[in-house]
Amino acid sequence: MKVLYSWLRDYVSVPDGPAELGRRLSLRGLALEGLEPVAAGPAPDDAVPVGDDAVIDFDVTANRPDCLSVVGIAREVAAVYGLPLRMPGPEAPGHLRTARMAGADAASFTVTLDAPDLCPRFAGAAAGVRVAPSPAWMQHRLQALGVRPISNVVDVTNYVMLELGQPMHAFDHARLAGDAIVVRQARPGETLVTLDGKTRTLAPPQLVVADRDRAAAIGGVMGGLDSEVKDTTSRIVLEAAWWRPRSIRATSKALGLKTEASTRFERGADPTGQARAIARALALLEILGAGAADGPLVDAVAIPHVAPAIALTHAHVEGLLGMPVPVEAVERILHALGFSADATGPGAWRVTVPGWRPDVTRPEDLIEEVGRHHGFEHLPATFPPVLQAPPPSDPRIARDAVARRVMLALGFSEAISFAFIEAAAAEPFAAGAAPIALANPLSETFAVMRPSVLPGVVDAVSHNRRHGRRDVRVFEIATAFAAAGERRSLAAAWTGAAGGDHWSGGRRDVDFFDIAGAVEQIGRAYGVAATLAPDVPPYLVAGRAAAVAVDGATVGVCGLLDPAVAERRGIPRADAADVFVLELALDALATAAPPGATRVTPLPRFPAVVRDLALLVDDTLSAQSLRDTIRKAGGDSLISVELFDRFDPKKGDGKVSLAFRLTFQAPDRTLLDDEVQHSLVRIHQVAVAEHGAVRR
Amino acid sequence: MPTLSELVVRIADDDAAFATALAAVDATPAAARATALDALKIAWVGRKSGRIADLMALLPTLPPADRKAFGQQVNALKQRVEQALAEREATVAATRRPAHAVDLTLPGRAPLLGHRHPLSLVREEVQQIFTRLGYQVLEGPEIEDDWHNFEALNMHADHPARDMQDTLYLNEPLHATPHAPWAAASSARARAPQPLTLLRTHTSAMQIRYMEQHDPPVRLVAIGPVYRRDNLDLTHTPMFHQCEGLVVGKGITLAHLKGTLLAMAEALFGAGTDVRFRPSFFPYTEPSAEVDVRCISCAGTGCAVCKHTGWLEILGSGMVHPAVFEAVGYDPAEVTGFAFGMGIERVAMLKWDVGDIRLFYENDLRFLEQFSV
Ligand SMILES: [Zn+2]
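Quick look at the structure:
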C-alpha cells in the first residue's frame with residue numbers, strides 16, 4: 013500500500029520524516045517496501061506547496077485489510093508514536109437520515125439484499141452532481157497512490173476507498189431501470205460489459221448489483237460500463253457495501269479480474285464502515301462543489317455486525333511473549349489501535365474488536381498487537397527447558413551420511429538436482445510406468461517427478477562436459493518418485509579418467525570394474541555383500557552392466573549407460589564418453605544390513621599359510637563359480653580366496669588364467685605344510701573335474 | 085685525511101649503489117641469475133677487493149674518537165648486504181636440487197576426493213546445531229496431502245495466504261502411503277490417509293504429521309526439499325530446501341524463540357551475531373515475526389548486501405497458532421509452542437556470498453570444487 017507522507021499527516025502529526033517513519037513502522041509490522049521522494053503537490057487547504065513529500069510503500073500482510081487505507085496506516089503510526097488520530101469527518105452528518113430497509117419511504121430507491129449471507133450490508137445514497145475534473149490536490153493524491161483521476165465524482169469514490177479502505181461505486185442514476193436495487197446472485201450465463209469494456213459471463217453464486225432489468229455491476233469487483241458516470245451524468249447513486257471475502261475471492265479468481273475493490277473486499281473490509289463512507293463521499297462532493305445528496309441514506313442491513321469480544325488476561329500476555337509488559341501498556345496499545353478493553357478484574361479485560369480488524373478473533377491475536385507495539389526488541393533471549401532426551405532423529409539421515417562419506421572418499425562430488433524433470437528425461441528410467449506428472453508445472457522442463465535419481469547425475473555429466481570437463485564423477489542422494497511411493501536413492505555417474513591424472517602416467521579411463529568396485533565399497537560400508545547379476549534395465553548396456561543384489565533381493569544397478577540415452581541428454585557419442593552409472597535404493601540396502609553392532613573378530617593366535625594358485629580355464633567361466641569351487645574344496649582351514657590376477661596367455665584361444673591367493677589358517681594350531689599341500693591338491697582336482705581347469 | 089661526515093656520506097652512497105646493483109641482478113634472466121649473483125657477491129663482500137673491505141680499510145685513517153661510530157655504520161651496511169645476498173642465494177638454490185633427490189615441487193599423487201555440495205554442508209551444520217540443542221531431526225514425505233500442507237496449518241482453501249505460496253499439484257492424486265515412520269496411524273489423533281495431491285510447499289507439513297502421532301513436549305527440526313511454483317531467477321528456484329523448527333510444551337514463549345534463534349545465528353555466522361524480530365504474518369503462527377540477522381558483510385553499518393539497512397532477513401517464525409494445535413488434537417490452553425522456517429539456500433548464499441541461487445542446481449564442478457569434503 014502506497015501512502016503519501018503529507019496525506020498521512022492529515023490524520024496524525026508524525027514528528028519524523030518519511031525515512032525514519034518507515035524504519036520505525038517496519039519494526040512494528042508494516043514493512044517498508046519502498047520510499048520515493050516527490051515534490052510537494054497541491055494540498056486540500058490550498059496552501060502553497062513547499063518542500064518535499066514522499067510516497068511511502070508499505071508491504072501490508074494478508075491479514076491486515078485495514079492497512080490498505082491511509083487512515084488504517086495512520087492509526088498504526090499514531091499507536092507507534094503515542095499520538096492522537098484525527099479521523100476525517102463527518103462521522104454521522106446531521107442531514108443524512110438513515111432509512112432502514114423496512115421504511116425507506118423517503119428515498120428515491122430501495123435496496124433488497126437477496127444474498128444476505130454474501131452481502132449482508134449495502135449502504136447507498138442518491139446525489140445530484142455536476143461532473144467535472146476534480147481539483148488538483150485530489151488528482152495529485154490519487155496519482156501518488158497509483159490511481160488515475162477520471163472525474164470529480166469517480167475520484168471522490170476512489171479517494172474515500174484510499175482514505176477509509178471502503179471501496180465505493182457510483183452509478184449513473186439515469187441508466188438504472190426502475191428504483192429498486194437488488195443484490196442477488198448472477199443468473200447462469202448472465203452477461204455484463206464491465207468498465208474495462210470486456211463482456212463478462214457470470215454464474216451463481218457470483219453476486220451482482222442489479223436494477224429492475226439486469227446486472228449493473230459485479231458486486232465488490234467492478235461496475236458496469238453502461239451505468240458508468242459520464243460527463244453528462246446529473247444524478248448518481250452511491251454504493252458502499254460489504255461483501256463476504258470468500259465470495260469476492262472466488263469471483264475475482266473465476267473472472268481473472270483483480271481490482272482495487274476486490275483486493276480489499278477479499279481480505280475483509282470493515283463491516284461497519286459503509287454509512288460512514290457514504291457520508292464522507294457526500295461531504296467531499298459538497299466540498300468540491302461537485303454535488304449534494306438529494307435523499308436520505310439507504311442503509312440496508314440484513315445481518316448486523318456483532319463486534320467480537322475476547323477475554324484477555326495480563327498473565328496470558330506475559331506468558332506467551334515471555335517478557336514483562338506493564339498493564340498500562342497493554343491498555344494503551346489496545347486503545348490506540350481502536351480496541352476497547354473493559355477491565356473485568358485485576359489484569360483481566362473484555363476486549364471488543366473494532367470492525368476494521370477482522371483478523372483478530374482470539375486472545376493470541378490481541379497478544380500479538382500488544383507484543384509488536386510494546387516492541388519485540390524488548391524480548392529477552394531465553395531458552396526453552398529440555399524436559400526429556402530428544403527421541404531419535406530420522407534414521408535415514410545417519411544412513412544417507414554413510415553413503416555420502418563413501419562416495420566422497422571415492423572421489424565423487426555431491427550434486428543436487430531438481431526433483432521434477434522433462435518427461436523425455438524420465439522416460440528411459442521409468443521402467444514402462446508413467447511417471448508422476450504435475451498438473452501445473454512451470455515448464456515442460458519440470459513436467460514429471462523423477463522416477464530415478466539417475467537423470468539428475470546424467471544431466472550433471474552433460475553440463476560439465478559441455479563446459480569443457482572431460483573427467484566427471486558426481487553422485488546425488490535424493491528421493492525418487494513412483495506411484496508406489498517415495499524412495500531414497502543414491503545415484504552416481506562416472507566418466508573420463510579412472511584416477512587422477514598424474515605426470516608419472518598410468519592414466520586409464522573408467523570401466524565397468526571401477527563402478528562395480530564403488531558398489532562393493534558401499535555394500536561394505538553398510539555391512540552387506542552385494543552381488544552382481546546380468547539382468548539389467550534397458551537404459552544400461554547389457555554385458556557391461558549388472559543388477560545389484562543383496563541376499564537375493566535387487567537393490568540397484570551399475571554399469572555402462574546406453575550411449576543413446578546419454579546422447580539424448582547432450583553427451584555426444586562422438587567424444588567417446590563412456591558414462592558409467594550406479595543407482596542403489598538406500599531404503600532396501602539399509603533393510604538388508606545386519607541390525608545392531610558388528611562384533612570384532614579376535615586376532616588369530618596361530619600363523620596363516622598363503623599359497624598362490626593359477627588355473628587356466630575357459631574365459632566364459634565366471635570367476636565367481638571358480639571361486640565357489642575353490643572355497644568348497646578348500647575345507648575349513650581355507651579362510652580367504654582372493655582373485656589377484658587375470659591373464660590371457662595365448663590371445664584368442666578362449667582360455668584365460670585366473671590367479672587366486674589362498675589363505676589357510678586354523679584357530680587352534682599351527683597348520684602343517686602337508687595339510688596345506690593336501691588341500692591344494694584337492695582344490696586342483698575338483699577344479700579339473702568341474703571346470704576342466706589346468707594348473708599353470 | 086677524510087672526516088667522519090665525509091665517510092658517512094660515502095656509506096650512504098654505497099648503500100644506494102648496492103640497491104641498484106641488486107635490482108639489476110633481480111632483473112637478470114633466471115638462467116644467468118646465479119652467475120650475476122656471484123659477481124655481485126665478489127664485488128661487495130670479497131675479502132680483498134670488495135667495497136665493504138674498501139670501506140673498512142679507511143678505518144685507521146680516522147681519528148680514534150670517530151672510529152667506533154664509523155665501524156658500526158660500516159658493519160650495519162655489511163649486514164644488510166649479506167642478508168640481501170643470502171636471500172637471493174636461497175632463492176636461486178631452491179630452483180636446483182642435488183642429483184639424488186626427488187623434485188619436491190612436482191605434484192604428489194593425490195587420490196581424488198569428492199566435494200560436498202554447499203547446501204549439504206549448511207544442512208549438516210544446521211542439523212548439528214539443533215542436535216546440540218536437544219532437538220530431533222526429521223525428514224518427511226515430499227508429496228503431501230492438502231490437510232498436512234495447508235488445512236491443518238490454518239490455511240483453508242479460501243485463505244488469501246494460499247496465494248503467498250504458489251503450489252505445484254499432481255496431475256492425479258496418489259494413494260500411496262508416505263514413508264514408513266509417517267504411514268501408520270500410531271495415535272488416535274492421526275487422521276486416515278488422504279490422497280496425496282501436491283508437492284509440499286514447506287516442511288511444516290512434517291510437523292503436523294509428527295504432532296498427530298506424538299504427544300507434547302515436542303522439540304524437532306524438519307529438513308528437506310520443498311516446492312513452489314516460482315520461476316527461476318537470481319533468488320528463486322521452484323525447488324529449495326527448508327529447515328523448520330518446532331518446540332511445543334508448557335510455557336513456551338516468544339522469548340524462548342529469540343534465544344534459540346540467536347544461538348543458531350551465532351553458530352552459523354559467528355559469535356556476536358545479533359538478531360531482531362519484525363512483526364509479520366503467517367497463518368500458522370500468532371504472534372508472527374520475520375527474523376533478521378545483523379549484516380554479516382558490513383556488521384550493521386550498511387552495505388549493498390543488506391540494502392543499507394544493516395540487517396538481513398533469514399527466516400519467518402512465531403508462536404504456533406492455536407488453530408494448528410486444535411487441528412492436531414493438542415489443547416492450546418495446555419501447551420504453547422514456537423516454530424520457525426529457514427531457507428537453506430538463503431543461508432548458503434549469505435555464508436559464501438553466492439549471488440545466483442541457480443548455481444546450487446547446475447552441479448557445475450567448477451562451483452562444487454570450491455567446497456571441501
Ligand atoms: Zn550490510
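For the protein sequence lines, the chains are A and B, in the order given. Heads up, the first sequence is in the numbering used here, so the first residue is 13 and it goes up one at a time. Heads up, the second sequence is in the numbering used here, so the first residue is 85 and it goes up one at a time. The C-beta atom is built at its ideal place from N, Cα and C for all residues, glycine as well.
When every heavy atom of ligand 1 is checked, does at least one fall within less than 7 Å of the C-beta of residue i?
| i | result |
| --- | --- |
| residue 38 of chain A | no |
| residue 394 of chain B | yes |
| residue 259 of chain A | no |
| residue 439 of chain B | no |
| residue 389 of chain B | yes |
| residue 356 of chain B | no |
| residue 386 of chain B | yes |
| residue 425 of chain A | no |
| residue 379 of chain B | yes |
Can you check whether the C-beta of residue i is within less than 8 Å of a C-beta belonging to chain B?
| i | result |
| --- | --- |
| residue 368 of chain A | no |
| residue 419 of chain A | yes |
| residue 386 of chain A | no |
| residue 352 of chain A | no |
| residue 28 of chain A | no |
| residue 527 of chain A | no |
| residue 142 of chain A | no |
| residue 74 of chain A | yes |
| residue 359 of chain A | no |
Does any C-beta atom of chain A lie closer than 8 Å to the C-beta of residue i?
| i | result |
| --- | --- |
| residue 219 of chain B | yes |
| residue 457 of chain B | yes |
| residue 403 of chain B | yes |
| residue 398 of chain B | no |
| residue 269 of chain B | Note that residue 269 of chain B has pLDDT 49, beneath the 50 cutoff, so the model's placement of it is unreliable and the number below is only indicative. So no, residue 269 of chain B is outside the interface. |
| residue 442 of chain B | no |
| residue 190 of chain B | yes |
| residue 377 of chain B | no |
Name the chain A residues that come within less than 8 Å of residue i, Cβ to Cβ?
| i | result |
| --- | --- |
| residue 303 of chain B | 396, 398, 402 |
Round the Cβ separation of residue i and residue j to the nearest angstrom and send it over; I've been treating them as touching at under 8 Å.
| i | j | result |
| --- | --- | --- |
| residue 469 of chain A | residue 488 of chain A | 5 Å |
| residue 227 of chain A | residue 233 of chain A | So it is not a contact: roughly 11 Å between Cβ atoms. |
| residue 180 of chain A | residue 252 of chain A | 5 Å |
| residue 279 of chain B | residue 258 of chain B | 7 Å |
| residue 93 of chain A | residue 26 of chain A | 6 Å |
Name the chain B residues that come within less than 7 Å of residue i, Cβ to Cβ?
| i | result |
| --- | --- |
| residue 379 of chain A | 371 |
| residue 391 of chain A | 338, 339, 342, 361 |
Chain B partners of residue i, CB-CB under 8 Å?
| i | result |
| --- | --- |
| residue 475 of chain A | 446, 447, 448 |
| residue 516 of chain A | 193 |
| residue 484 of chain A | 449 |
| residue 512 of chain A | 193, 194, 195, 196 |
| residue 479 of chain A | 448, 450 |
| residue 523 of chain A | Those within 8 Å of residue 523 of chain A in chain B number zero; the least Cβ separation is about 16 Å. |
List the residues of chain A whose Cβ lies closer than 7 Å to the Cβ of residue i, in chain order.
| i | result |
| --- | --- |
| residue 234 of chain B | In chain order: nothing, as chain A lies at least about 14 Å away. |
| residue 323 of chain B | 430, 431 |
| residue 201 of chain B | 426, 427, 428 |
| residue 255 of chain B | 449, 450, 451 |
Along chain B, in chain order, which residues have C-beta atoms closer than 9 Å to that of residue i?
| i | result |
| --- | --- |
| residue 590 of chain A | What residue 590 of chain A touches in chain B: nothing, since even the nearest Cβ is about 18 Å away. |
| residue 458 of chain A | 252, 322, 323 |
Which chain A residues sit within Cβ distance under 9 Å of residue i?
| i | result |
| --- | --- |
| residue 171 of chain B | By Cβ distance, chain A contributes nothing, its closest Cβ being about 30 Å from residue 171 of chain B, past 9 Å. |
Alpha helix (DSSP H) runs contained entirely in the segment 121-185 of chain A, provided each spans 4 or more residues: Whole alpha helix (DSSP H) segments, 4+ residues: 148-156, 164-176.
Complete runs of the alpha helix (DSSP H) confined to the segment 14-102 of chain A [at least 4 residues]: Taken in chain order, the complete alpha helix (DSSP H) segments of 4 residues or longer contained in the segment 14-102 of chain A are 17-20, 30-38, 82-93.
Ranges of the alpha helix (DSSP H) found wholly within the segment 631-662 of chain A, counting only runs of at least 4: Entirely contained in the segment 631-662 of chain A, the alpha helix (DSSP H) runs reaching 4 residues are, in chain order, 635-646.
Length-filtered (4 minimum) alpha helix (DSSP H) runs lying within the segment 266-354 of chain A: If we require 4 residues or more, the alpha helix (DSSP H) runs fully inside the segment 266-354 of chain A come out as 272-279, 286-300, 326-333, 339-348.
Uninterrupted beta strand (DSSP E) stretches inside the segment 421-505 of chain A (no shorter than 3 residues): Counting only runs of 3 or more, we get 484-494.
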